[in-house]
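Have a look at the structure below, then the notes.
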């Protein structure tokens, strides 16, 4: 019977000989015999070969076995992959770069049987993986502010034709395991930088783009390289960093400009602000006031924007009013607000200018904006609609029928009030009535009013039969009657809509709106005689809105038909 000795040896560097320990024949201790082998590895265009060679040419009954294990350097257990019987050497080819291997050698010499296990070396030492995390060009760090970009500097990483990046995370101060958060996956390239914006690639690229580095977490970067043609296996290096909210990191400052649109109206444009990509949402509140330094304020509108500026956030600005814009950026670390007036001379003197607490807006009782006259498709009675005001307790609508300044018809004046929590009210007046109306926002018992809107029916506009007759003729003239409001003809129309404005007033803007409140035609500083081509407008009820230089308004219903 043969006595079998198992000799275990751990792997050493590539191409260094690996020797089994000396073994003694227990039946004849005076005659020691050795049984050992070495392993040489080669790479042939991605074919990883391992050749085992016995060091004792007297060995017989050689058996070579290739085993795989889940752990590098392990030389026991695992899975038997291949066996070669006989010969003083054996070559195993096309080894899997994702596995770890060792070779078991059985041999006999002069009645002595020996088993030796040696780990198969890899080509990992032929590559180099190193990187640091940093903010911009600063020194390496592992603490970052929420919202700032995090860079991976892989200078010094060599011999790879692809790289892998994944982000894991766990809550700060948590002893739990990391969970996969963002998987950028593999990139087939032998160049990563040298500097890569990690924040950008997990937002816009990879397996599941759209992620951001949220505050309150510890993150772990799993960065790996490989080069299969050079038999370089998966090599990875993990680093951890923390993201927290930082004081004074976010700023909502911006620049406000008044521009002129191609059709001549004034608009408000914002620019020169930091977008913070998808770390923040940008909300703009547009206010107007009769005073250069602000107050009382009317809510003209609100707008949310994406990306860098410039953005036009408001059209139809009046040169008779002063405009103020508050920019609010909302982040996972809170809201930040900054306000600015369109007049550079106002500086930061107004109560909504400069860096402000966002609660300032909530504490203002703003008059409603987007106030429009509408009418019912069925009864043609007049209604009123307006934009919602944040924080409003409700709204009150004031209507003065036969108002002397608006109507000048000599009829009895009637005042009506309607209360609602909605942003519209119908009806406020009958189709044949002449009236002016406004809506007020109610906040903690205080009411802030919009400007008046004046509505005259076609037959109640102070226009005499003689003027109507002239208007129906080609080349109609402007009415001389200074009390006359604007004239619209023909009404209804299927082609052109003609408008005559009184000589006693200077019109600042004229708009044609559909019943949904959308402007389908607009012109600033119109002539006193104007024609609107209506052939392309859908049939239905519309309203003509005229704003005069003193900011008074006149509105009249018109109908477009297409027989």
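Residue numbers (my numbering): 3 to 565. Built from N, CA and C at the ideal position, the CB exists for glycine as well.
Per DSSP, what are the beta-bridge partners of residue i in this structure?
{"i": "residue 376", "result": "385"}
{"i": "residue 171", "result": "181 and 221"}
{"i": "residue 369", "result": "300"}
{"i": "residue 142", "result": "136"}
{"i": "residue 104", "result": "69 and 121"}
{"i": "residue 421", "result": "398"}
{"i": "residue 521", "result": "515"}
{"i": "residue 87", "result": "65"}
{"i": "residue 415", "result": "DSSP, once it has assigned bridges, lists no residue as partnering residue 415."}
{"i": "residue 94", "result": "52"}
{"i": "residue 236", "result": "In the DSSP output, where bridge partners are listed per residue, residue 236 has none listed."}
{"i": "residue 242", "result": "222"}
{"i": "residue 263", "result": "DSSP output for residue 263 lists no bridge partner at all."}
{"i": "residue 154", "result": "135 and 198"}
Assuming residue i contacts residue j (C-beta within less than 8 Å), just tell me the rounded distance between them.
{"i": "residue 103", "j": "residue 70", "result": "5 Å"}
{"i": "residue 256", "j": "residue 340", "result": "7 Å"}
{"i": "residue 126", "j": "residue 234", "result": "7 Å"}
{"i": "residue 360", "j": "residue 296", "result": "With 8 Å as the limit, residue 360 and residue 296 do not qualify as a contact, their Cβ atoms being about 17 Å apart."}
{"i": "residue 272", "j": "residue 237", "result": "Their Cβ separation, rounded to whole angstroms, is 49 Å, which puts residue 272 and residue 237 out of contact at 8 Å."}
{"i": "residue 515", "j": "residue 547", "result": "6 Å"}
{"i": "residue 171", "j": "residue 186", "result": "Actually they are not in contact, since the Cβ atoms of residue 171 and residue 186 sit about 14 Å apart, beyond 8 Å."}
{"i": "residue 399", "j": "residue 441", "result": "5 Å"}
{"i": "residue 194", "j": "residue 160", "result": "Actually they do not touch by this definition, with Cβ atoms about 11 Å apart."}
Please classify residue i as buried or exposed, where buried requires at least 16 neighbouring CB atoms within 10 angstroms.
{"i": "residue 415", "result": "exposed"}
{"i": "residue 526", "result": "buried"}
{"i": "residue 537", "result": "exposed"}
{"i": "residue 231", "result": "exposed"}
{"i": "residue 63", "result": "exposed"}
{"i": "residue 94", "result": "buried"}
{"i": "residue 512", "result": "buried"}
{"i": "residue 113", "result": "exposed"}
{"i": "residue 267", "result": "buried"}
{"i": "residue 499", "result": "buried"}
{"i": "residue 52", "result": "buried"}
{"i": "residue 418", "result": "exposed"}
{"i": "residue 240", "result": "exposed"}
{"i": "residue 140", "result": "exposed"}
{"i": "residue 494", "result": "exposed"}
{"i": "residue 67", "result": "buried"}
{"i": "residue 302", "result": "buried"}
{"i": "residue 386", "result": "buried"}
{"i": "residue 405", "result": "buried"}
{"i": "residue 294", "result": "exposed"}
{"i": "residue 89", "result": "exposed"}
{"i": "residue 430", "result": "buried"}
{"i": "residue 521", "result": "exposed"}
By DSSP, does residue i sit in helix, in strand, or in coil?
{"i": "residue 257", "result": "strand"}
{"i": "residue 281", "result": "helix"}
{"i": "residue 492", "result": "coil"}
{"i": "residue 251", "result": "coil"}
{"i": "residue 1", "result": "Here the chain has residues from 3 to 565 only, and residue 1 is not among them."}
{"i": "residue 362", "result": "helix"}
{"i": "residue 537", "result": "coil"}
{"i": "residue 192", "result": "coil"}
{"i": "residue 407", "result": "helix"}
{"i": "residue 126", "result": "helix"}
{"i": "residue 231", "result": "helix"}
{"i": "residue 505", "result": "coil"}
{"i": "residue 454", "result": "coil"}
{"i": "residue 80", "result": "coil"}
{"i": "residue 320", "result": "coil"}
{"i": "residue 273", "result": "strand"}
{"i": "residue 343", "result": "strand"}
{"i": "residue 45", "result": "strand"}
{"i": "residue 434", "result": "coil"}
{"i": "residue 439", "result": "strand"}
Original post:
So does the stretch 317-337 actually touch the stretch 279-294, counting three or more Cβ pairs closer than 8 Å?
Top reply: yes
Original post:
Between the stretch 120-131 and the stretch 193-204, are three or more C-beta pairs nearer than 8 Å?
Top reply: no
Subject >> Sufficient close CB pairs (3 or more, under 8 Å) joining the stretch 214-225 to the stretch 38-47 >> reply: no
Original post:
Any chance the stretch 354-369 sits against the stretch 382-394, with 3 or more Cβ pairs inside 8 Å?
Top reply: yes
Original post:
Are three or more beta carbon pairs between the stretch 206-222 and the stretch 237-251 nearer than 8 Å?
Top reply: yes
**OP:** Pair every Cβ in the stretch 78-94 with every Cβ in the stretch 151-163, then say whether three or more of these pairs are closer than 8 Å.
**Re:** No: fewer than three Cβ pairs fall under 8 Å.
Original post:
Do the stretch 367-376 and the stretch 442-455 touch if we need at least three Cβ pairs shorter than 8 Å?
Top reply: yes
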